[in-house]
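Below is one structure; the comments refer to it alone.
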Amino acid sequence: MFKCEFIVKDYKQVWKDCIDAVKPFGLDEPLLIDLYSISDEGSNVTKALNMFNGKDVRCIVHVINTICKRIFKPYKQGKAILPEDALSEEDHIEILFGFQILENAKKIVNGIRHTGFEEALSTKAGIDVDTRFLSKLKSLRWLYDNLDEILRLKQDARFSDKLSKV
Numbered sequence: 273m274f275k276c277e278f279i280v281k282d283y284k285q286v287w288k289d290c291i292d293a294v295k296p297f298g299l300d301e302p303l304l305i306d307l308y309s310i311s312d313e314g315s316n317v318t319k320a321l322n323m324f325n326g327k328d329v330r331c332i333v334h335v336i337n338t339i340c341k342r343i344f345k346p347y348k349q350g351k352a353i354l355p356e357d358a359l360s361e362e363d364h365i366e367i368l369f370g371f372q373i374l375e376n377a378k379k380i381v382n383g384i385r386h387t388g389f390e391e392a393l394s395t396k397a398g399i400d401v402d403t404r405f406l407s408k409l410k411s412l413r414w415l416y417d418n419l420d421e422i423l424r425l426k427q428d429a430r431f432s433d434k435l436s437k438v
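Numbers given in my numbering equal positions in the sequence shown, counted from 1, plus 272.
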């Protein structure tokens with residue numbers, strides 16, 4: 273009935289896409305191999321560049337975003353850099369506290385956006401998107417800057433039902 277084609281976006285396909293992207297400029301694969309590449313933090317992109325030309329330079333903005341994103345969410349590569357016992361119990365508590373603040377703020381902003389309450393506010397909600405640079409900060413800033421208006425409107429009978437869970 274429907275004909276669908278699944279495109280694999282692994283590192284081999286990414287490398288092929290890179291070659292196809294530079295062909296209109298008269299560049300070919302051997303020349304591309306000799307160039308340095310600036311990439312994002314996408315694993316398929318970095319693997320493609322490292323496998324085929326070995327000269328991948330990570331974009332500093334993406335690196336900073338990844339560092340900020342991972343502070344509150346340790347991941348497997350992070351354990352090799354920072355041993356489990358490197359942080360004190362107090363540090364773990366502070367990190368957990370910060371993580372809970374970020375998660376609660378995200379839930380509040382998403383609740384505001386999905387209930388239709390956002391339409392009554394004077395500014396649009398800042399969305400927390402993990403892969404977008406500084407979106408957590410922008411989302412927290414939006415929530416902080418609009419907190420008085422949110423609390424005032426929450427008392428309004430028109431919105432109390434919509435926001436009872438927010």
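Even glycine gets a Cβ: it sits at the ideal position worked out from N, Cα and C.
W414 sits close to G398, with the two beta carbons spaced by under 9 Å. By the 16-neighbour rule on beta-carbons within 10 angstroms, I373 is exposed. If you ignore the 5 residues before and after K319, its C-beta comes within less than 7 Å of the C-beta of Y283, all in its own chain and listed in chain order. The beta carbons of I422 and I384 sit about 7 Å from each other, so the pair counts as a contact at 8 Å. With a cutoff of 9 Å on beta-carbon distance, K378 and K426 are scored as not near each other.
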